[in-house]
Structure formats: structure tokens, C-alpha cells
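**Student:** Below is one structure. I have some questions about it.
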Amino acid sequence: MENAAQYSLEDGSQHGEAQGPRLVLSGTLTLAAIAPFERALRGVTGPIAVIDLAQVDEMDTVGAWVVCRLAREHDAEITGASEAAERLLGAVRGIDAGSGIRAPRLPVFKRVPVELGEKVFAARSGLYGVVGFFGQILIGGASLIRHPSRFPGRALVHQMELVGVTALPIIGLMSFLIGIVIAQQGSVQLQQFGAESLTVNLVGRITLRELGVLMTAIMVAGRSGSAFAAQLGTMKLTEEIDAMRTIGISPIEVLVIPRILAATFMMVLLGFYASVMAIVGGAVVGDLTLGIPFWTFLERIHDVVPEYDLWVGLIKAPVFGLIVALAGCYNGLQVRGNSEEVGRRTTMAVVSAIFAVIVIDAFFAVFFTEIGWG
Amino acid sequence: MADDHDAPEPAIVVEGLANRFGDFSVHEGLDLTVRRGEILGVVGGSGSGKSVLMRSIIGLQRPSEGRIEVLGETIRDSDPDNIYGVRSRWGVLFQGGALFSTLTVGENVEVPLKKFYPDLDARLRAEIARYKVILSGLPESAVAKFPSELSGGMKKRAGLARALSLDPELLFLDEPTAGLDPIGAAKFDRLTRELKETLGLTVFLITHDLDTLYEICDRVAVIADKKIIAVGTIPELIATGHPWIEEYFNGPRGRAAQASHDRNQAQSGTAQTTGASAGKGG
Numbered sequence: 030m031e032n033a034a035q036y037s038l039e040d041g042s043q044h045g046e047a048q049g050p051r052l053v054l055s056g057t058l059t060l061a062a063i064a065p066f067e068r069a070l071r072g073v074t075g076p077i078a079v080i081d082l083a084q085v086d087e088m089d090t091v092g093a094w095v096v097c098r099l100a101r102e103h104d105a106e107i108t109g110a111s112e113a114a115e116r117l118l119g120a121v122r123g124i125d126a127g128s129g130i131r132a133p134r135l136p137v138f139k140r141v142p143v144e145l146g147e148k149v150f151a152a153r154s155g156l157y158g159v160v161g162f163f164g165q166i167l168i169g170g171a172s173l174i175r176h177p178s179r180f181p182g183r184a185l186v187h188q189m190e191l192v193g194v195t196a197l198p199i200i201g202l203m204s205f206l207i208g209i210v211i212a213q214q215g216s217v218q219l220q221q222f223g224a225e226s227l228t229v230n231l232v233g234r235i236t237l238r239e240l241g242v243l244m245t246a247i248m249v250a251g252r253s254g255s256a257f258a259a260q261l262g263t264m265k266l267t268e269e270i271d272a273m274r275t276i277g278i279s280p281i282e283v284l285v286i287p288r289i290l291a292a293t294f295m296m297v298l299l300g301f302y303a304s305v306m307a308i309v310g311g312a313v314v315g316d317l318t319l320g321i322p323f324w325t326f327l328e329r330i331h332d333v334v335p336e337y338d339l340w341v342g343l344i345k346a347p348v349f350g351l352i353v354a355l356a357g358c359y360n361g362l363q364v365r366g367n368s369e370e371v372g373r374r375t376t377m378a379v380v381s382a383i384f385a386v387i388v389i390d391a392f393f394a395v396f397f398t399e400i401g402w403g
Numbered sequence: 118m119a120d121d122h123d124a125p126e127p128a129i130v131v132e133g134l135a136n137r138f139g140d141f142s143v144h145e146g147l148d149l150t151v152r153r154g155e156i157l158g159v160v161g162g163s164g165s166g167k168s169v170l171m172r173s174i175i176g177l178q179r180p181s182e183g184r185i186e187v188l189g190e191t192i193r194d195s196d197p198d199n200i201y202g203v204r205s206r207w208g209v210l211f212q213g214g215a216l217f218s219t220l221t222v223g224e225n226v227e228v229p230l231k232k233f234y235p236d237l238d239a240r241l242r243a244e245i246a247r248y249k250v251i252l253s254g255l256p257e258s259a260v261a262k263f264p265s266e267l268s269g270g271m272k273k274r275a276g277l278a279r280a281l282s283l284d285p286e287l288l289f290l291d292e293p294t295a296g297l298d299p300i301g302a303a304k305f306d307r308l309t310r311e312l313k314e315t316l317g318l319t320v321f322l323i324t325h326d327l328d329t330l331y332e333i334c335d336r337v338a339v340i341a342d343k344k345i346i347a348v349g350t351i352p353e354l355i356a357t358g359h360p361w362i363e364e365y366f367n368g369p370r371g372r373a374a375q376a377s378h379d380r381n382q383a384q385s386g387t388a389q390t391t392g393a394s395a396g397k398g399g
């Protein structure tokens, strides 16, 4: 086993000429052994004129650093260093202890307003950005109309498959279960008024007007909006998008427009499909617990749900799809710098899409009621 | 020195190494010995398995066959505590620096110190991290910066600082000069050489950079045909007459690197540093 690092303080008189107090270090001055020694060294007070390293067996840069620091604090001279030790000392000698290694942090009372201000400015430039992006898409769309041969048909079909067809199982299951929950919970409440036959109205109207489309939009935001952001963000990082630009291909035309069109169009179909599945779910509950036969439930839907409820849902659906796709593509193209940003932007795409969808849904609710489609 | 044996034991011994991925084999019967205190350059064509070799040696890739010994410890079937012990004696610089993105450069360097020496005083630990960063050739202002604020070359230096944080005996460098401008690359080479001489390091260096090979490597190992086909100084390698080695060192780039090396030698006037006296003795 190596010798533990030790020190002893001599007054220096026994070395002939009076040099003043002399700190003699011995043993192993390496990282593995330095911790207790360094603590002990801090107990050394009083002046030290010379630090003697002649009895040190082994030293690494950490040992050299501790010796150098001690020498600087006490304005002492280092003697007895071997050639290798001298080299180590030389390497660390010019470096001062300096300030910390943490990133500077403002105090809380400053940091909070600063961050709030930054958020406000970011929100403003984000809004400008989205409007500008929407403008770019319109320009891209216009140039595609003028040159229909450039239309990315294959990409559009591919995206429609990804956004729409592959989403059918999950959205169908989700809507079916939502229909079951609404019918079951609604009937329990309506029973108190002896009005459980109104469960049909409840299920039919709420799914066609609101929940079918809204839940589908949330699901599409989670499935496809996030995928758009992550795909485009990664393409941005790997400079694929820059490469397209240099070749003269517009990323808006090739990447963004197919995604936006696919999401907008497929949202209409998916929203309708979700409403149908929810009604089927409600009818199953009606059949099993309310004593309303399955087909009777569906026929009653036809009688009690006004046609405009269907239109309310179908008008909202493409708007929601557009919002989800815009948020996904915009955030994807905003990725800059590193891969961490892709994750951040993907999260942002989903959160902002769902938030915007719900806000706009509230406006739609007021609007449709005002025009008499209540 | 703690490891003063009669015959200096080699830093790395690889025997009969085989790495296979399904039907595809990268190494078959590969042997390599890295001596203490040398800078060994490893060269080979793209896809010849240089990085896989390094990953096998540091225990990130479990080889299909073969024996690997690093600093006297068997890597492959060694019990986890021993590998743990070896880990505190080596440092690894990955190609892109592989810095932890949520920590500042200084905190990155602190991570191995915290892991292996938890009883170290926090102030001393921060000081060690700081001087390591500066020793690696970064400006003081970089210590408290996040990796995302650094350029590629600075990230490599910061990665080097982290690799050096435990004062390792053995340093693995994976293409340290790739992607650096010639000035930065030359500085990095000089830094590697200086660190090797000051700290008595053994360096395992994967590179494509012919200047690096000429300037700082004591020996060069060539990977081709799934094994090490030759190890030695560059003149020794050229003397083997292997066509790939011939093409590698006598191609236009190889000749340019050699010419610049000869020029540097003539200018400095001093003979090549021996490197033999480098050690941790005190």
C-alpha cells in the first residue's frame, strides 16, 4: 500500500540559513489520496516560507494543484521537486483558482421578470412567425396551382395514409369507448328525471357537434402533429432542408403542403368516423343497459339530431386539422442547433396545437349558437 | 510509481479478438499490444472496425471471442468491481466530445470526480475541474458555459478535459482532430503530446489524420482484413511493403504530411522527444 500523504511543519532553523518555517510534504499526493490530506492542510496556519517536496513518492496534477495553491496562499517557495513533479507544477502554475464553474444565475427577483419578459417577446415573435409561415404556405399553394405538374401527389397520398388510415384503429377504439362512457354516465343522471330515453339525444348531439371532432383533433395532434415536428426538425438538423433549397426545391411545397393538406382533409373524415363510432358505442350501452334495441337507437339518432349538428362538426374538423398541421410543421422548421431542440419543439407543437384547438372550439360554440344552430 | 514492476506490463493486450454482427464479421483473430507510455495511432479504411476495436477495449462492445486486458485487468469476464476500478484509470474522448448537454463544461469535468471520489471537498473539486479545462487549452470563460455555446473544436477540448479529470494512465482518443481546422488540429496534436509527456499517459489514438500520425505517434497500428496487419513506426510500416500501407503513406497526402514533418524537425533542430522518462514519479 502506498504511503498516505503527510505533512510536518519545521521552523527551518536546523537547515543552516534561516529560511523561515518549512512545510515538508511526504507520501502520495494523488487524486485517490488527496481528500483527507487537503482537509488537514487547511488547518495549517501561520507563515510558510518553503514547501519541501523531496519526500513525496508520487504526485499527479491534483497533487501539483494543491501544492501550487498552498504556495500561492502563503507566498511560499517550492523546493525539492523531482523533474517529473516540476513538469506537473509547471503545467498548473499559471492557473489561478478563479471563479466557479457553474453557469451564472440571476437572483430570483430578477430572474422571474426577465423570464416573463422573454416569454412575452417569444410569444409575440412566435405569433408573427406563425402568420408569416401561413403566408408562405399560401404563396407555395398558389405557385403549385400555377404549376400543377409540381404538385407532390405521392407525398400527399403517403401523408394521408399516415395521418388517416393508420389512425383508424386507435381513433375508432377511443371514440367507441367515449360513446360508451357518455351513454352510461348520461343515462345514470337522466334516470333521476325519468328521462333516460334522452340518452340518445345526448350521445348523438354531443359526439357529432363536439366530442367526435375535438377528441380526434387531440389524438391527431399527439400522433401526427408531433411526428411532423420531429420529422421536419430532424431534417432541419441534418441539413436536408438546406440541401433542398440549394437544389431549388421548395421545402414548403414538398414537405409542408402535403402534410397540411393531408391533415386538413383527413381530419374531416376522421372526425366523422369518430362521431359514428361514438354513436355505435352509445347504442351498445343502450342495447345492453337501457333496453333500447341497437337499431332503434340508431333510428332515434336520425330523428332527434338536427342535420346542422353534423355540419357543425364537419366545418370545425378541417380547421382543427389545419391548426394541428400548422403547429407541427412550424415548430419542426423552427428547430435550430441541437437535437435537444427537436424534443422541445415537438412538445411545443403538441401543446400549442391542443390549446389552440380548444380555444377555437369555444369560439365556434358561441358562433354556431348565435347563428341559430344551437 | 505504484506500477513499478521489473518488466513494464503493457497497457493494453488484445488477443484473438473477434467481433461478429450476425453473419458479418468486423474482426477475426485480432492481436494488439499497447506499451506503457506510448502514443499508439490506429489507422484503417472507413468501416475497417477502428471504433469497434476501441469500444471493445473499453467494454462498451462485448466481443464474440478473444481476450482483452487493460492495465492488468481482464475486461471481458472480469468481475464488475474490477472493471469499475479500471474505469477510474482511463479517460475516453468520443468523436463529438459527448459532453452532457445539461451541465456546464466545468460540471462535466466534475462528473467523474464526483463518481469516483465522493469525499473530495466541493471547492477543491470545482478547482480541479477548472484547471483541467484550462489545461485542455480552453479559455477561462469557457468553464461556466454550456456545451451548446461551444464550437466543435472547443467541445473536443472540453471532452478531453473530462477524459483527463481523473488523471488517468490511459487515454482513448477517437479521431480527435477530425473536423478541426489545420491550426486547431496542430494545436490539439501538440496538446496531446505535451499531456503525454507531462502526465506520463499512454494514448490509444484512432485517426485519419496523417499529420497527427507523423507528429505525435510513437507507433502506428494498421487495421485491414479484419486484423492488425502491422504495428510499428511509420518507416517500419512502409518497409513491410503491404499495398494498402504503401498507398496510405505514399499517396499524395501521405507524402505532404511527411514533408511537413521533416520540415518541422529541421526547424526545431532538436531530436524527437524520447518520452521514455515521462512518468508520475515525484
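Chains as they are written, first to last, in our numbering: chain P, 30 to 403; chain E, 118 to 399. Glycine included, C-beta positions come from ideal geometry on N, C-alpha and C.
When you compare the segment 207-227 of chain P with the segment 277-284 of chain P, are there three or more beta-carbon pairs, one atom per stretch, that lie closer than 8 angstroms?
**Tutor:** No, because fewer than three Cβ pairs between the segment 207-227 of chain P and the segment 277-284 of chain P fall closer than 8 angstroms, the two stretches do not touch.
**Student:** Buried or exposed, going by whether 16 or more other CB atoms sit within 10 Å of the CB of residue 38(P)?
**Tutor:** Exposed, by the Cβ-count rule.
**Student:** Starting from the C-beta of residue 316(E), find all residues in its chain whose C-beta is less than 7 angstroms away, skip the five residues before and the five after it, and write them out in chain order.
**Tutor:** Correct list, in chain order: 284.
**Student:** By alpha-carbon positions, which one of 173(E), 318(E) and 356(E) ends up nearest to residue 208(E)?
**Tutor:** Cα-wise, what sits closest to residue 208(E) is 318(E).
**Student:** Measuring only between beta-carbons, confirm whether residue 227(P) sits less than 9 angstroms from chain E.
**Tutor:** No - not a single Cβ of chain E is within 9 angstroms of the one on residue 227(P).
**Student:** Taking 9 angstroms as the cut-off, decide whether the C-beta atoms of residue 188(E) and residue 170(E) are in contact.
**Tutor:** The answer is no: Cβ separation not under 9 angstroms.
**Student:** From the DSSP output, in three-state form, read off residue 272(E) for me.
**Tutor:** Correct three-state label for residue 272(E): helix.
**Student:** Rounded to the nearest angstrom, how far is the Cβ of residue 262(P) from that of residue 371(P), given a contact under 8 angstroms?
**Tutor:** With 8 angstroms as the limit, residue 262(P) and residue 371(P) qualify as a contact, their Cβ atoms being about 4 angstroms apart.
**Student:** Give me the Cα-Cα distance between residue 395(P) and residue 315(P), rounded to the nearest whole angstrom.
**Tutor:** Their Cα atoms are separated by approximately 31 angstroms.
**Student:** Which residue from 127(E), 154(E), 164(E) and 128(E) puts its Cα closest to that of residue 342(E)?
**Tutor:** The residue with the shortest Cα to Cα distance from residue 342(E) is 164(E).
**Student:** Any heavy atom of the ligand ZN closer than 8 angstroms to the beta-carbon of residue 115(P)?
**Tutor:** Of ligands this structure carries none, so the ligand ZN is not represented either.
**Student:** I need the DSSP call for residue 324(P), collapsed to helix, strand or coil.
**Tutor:** Residue state, collapsed to three classes: helix.
**Student:** Strictly below 8 angstroms CB to CB, what residues from chain E border residue 94(P)?
**Tutor:** Those are 244, 245 and 248, listed as they occur along chain E.
**Student:** I need the DSSP call for residue 367(P), collapsed to helix, strand or coil.
**Tutor:** Coil, per DSSP.
**Student:** Assuming residue 270(E) and residue 301(E) are in contact, meaning their beta carbons sit under 8 angstroms apart, how far apart are those beta carbons, in whole angstroms?
**Tutor:** Residue 270(E) to residue 301(E), Cβ: 5 angstroms. Contact.
**Student:** Residue 191(P) to residue 158(E), Cα distance in whole Å?
**Tutor:** One C-alpha to the other measures close to 49 angstroms.
**Student:** Under 9 angstroms, Cβ to Cβ, is there at least one residue of chain P near residue 306(E)?
**Tutor:** It does not: the Cβ of residue 306(E) has no partner Cβ on chain P nearer than 9 angstroms.
**Student:** Which residues in chain P sit within 7 angstroms of residue 260(E), going by Cβ to Cβ distance?
**Tutor:** 130, listed in chain order.
**Student:** Tell me where the alpha helix (DSSP H) around residue 270(P) begins and ends.
**Tutor:** Segment 269-276, the alpha helix (DSSP H) holding residue 270(P).
**Student:** From the beta carbon of residue 257(E), is the nearest beta carbon of chain P less than 9 angstroms away?
**Tutor:** Residue 257(E) counts as touching chain P.
**Student:** With a threshold of 8 angstroms, are at least 3 pairs of Cβ atoms found where one atom belongs to the segment 128-146 of chain E and the other to the segment 308-315 of chain E?
**Tutor:** Cβ pair count under 8 angstroms is below three, so no.
**Student:** With distances taken between CB atoms, is the gap from residue 389(P) to residue 334(P) smaller than 9 angstroms?
**Tutor:** No, Cβ-Cβ distance for residue 389(P) and residue 334(P) is not below 9 angstroms.
**Student:** Would residue 86(P) and residue 57(P) qualify as a contact pair, given that the criterion is a beta-carbon distance under 9 angstroms?
**Tutor:** Their beta carbons are under 9 angstroms apart, which means residue 86(P) touches residue 57(P) by this criterion.
**Student:** Just mark residue 30(P) as buried or exposed, buried being the case when its beta carbon has 16 or more other beta carbons within 10 Å.
**Tutor:** Caution applies to residue 30(P), whose pLDDT of 43 falls short of 50 and renders its modelled position unreliable; the model cannot decide the point.
**Student:** Would you be able to state if there are at least three C-beta pairs under 8 angstroms between the segment 226-245 of chain E and the segment 59-78 of chain P?
**Tutor:** Yes: the two stretches touch, three or more of their Cβ pairs being nearer than 8 angstroms.
**Student:** Hey, how far is the Cα of residue 344(E) from the Cα of residue 172(E)?
**Tutor:** Between residue 344(E) and residue 172(E), the C-alpha separation is close to 15 angstroms.
**Student:** Go through the segment 240-303 of chain E residue by residue and report every complete run of the beta strand (DSSP E) that reaches 3 residues or more, in order.
**Tutor:** DSSP runs (the beta strand (DSSP E)) wholly in the segment 240-303 of chain E: 287-291.
**Student:** At a Cβ cut of 7 angstroms, what residues of the segment 259-281 of chain E count as close to chain P, listed as they run along the chain?
**Tutor:** The residues in question are 260, 261, 263 and 265.
**Student:** Where does residue 73(P) sit, in a helix, a strand or coil, going by DSSP?
**Tutor:** Residue state, collapsed to three classes: coil.
**Student:** Would you say residue 249(P) and residue 295(P) are within 9 angstroms of each other, going by their C-beta atoms?
**Tutor:** Yes, Cβ-Cβ distance for residue 249(P) and residue 295(P) is below 9 angstroms.
**Student:** Should residue 385(P) be flagged as near chain E, meaning a C-beta pair shorter than 9 angstroms?
**Tutor:** Output row for residue 385(P): interface = no.
**Student:** Please report whether the beta-carbon of residue 78(P) lies at a distance below 9 angstroms from any beta-carbon of chain E.
**Tutor:** For residue 78(P), the answer is no, since every Cβ of chain E falls outside 9 angstroms of its Cβ.
**Student:** In angstroms, rounded to a whole number, what distance separates the CA positions of residue 331(E) and residue 178(E)?
**Tutor:** Roughly 30 angstroms separates the two Cα atoms.
**Student:** Keeping to the same chain, check which residues put their C-beta closer than 7 angstroms to that of residue 152(E); ignore five residues upstream and five downstream.
**Tutor:** If we look at residue 152(E) and ignore the five residues flanking it on each side, its Cβ neighbours are 127 and 128.
**Student:** Going straight from the alpha carbon of residue 368(E) to that of residue 374(E), what length do you get?
**Tutor:** For residue 368(E) and residue 374(E), the distance between alpha carbons rounds to 10 angstroms.
**Student:** Quick one: using the 10 Å Cβ neighbour count with 16 as the cut-off for buried, is residue 176(P) buried or exposed?
**Tutor:** That one is exposed.
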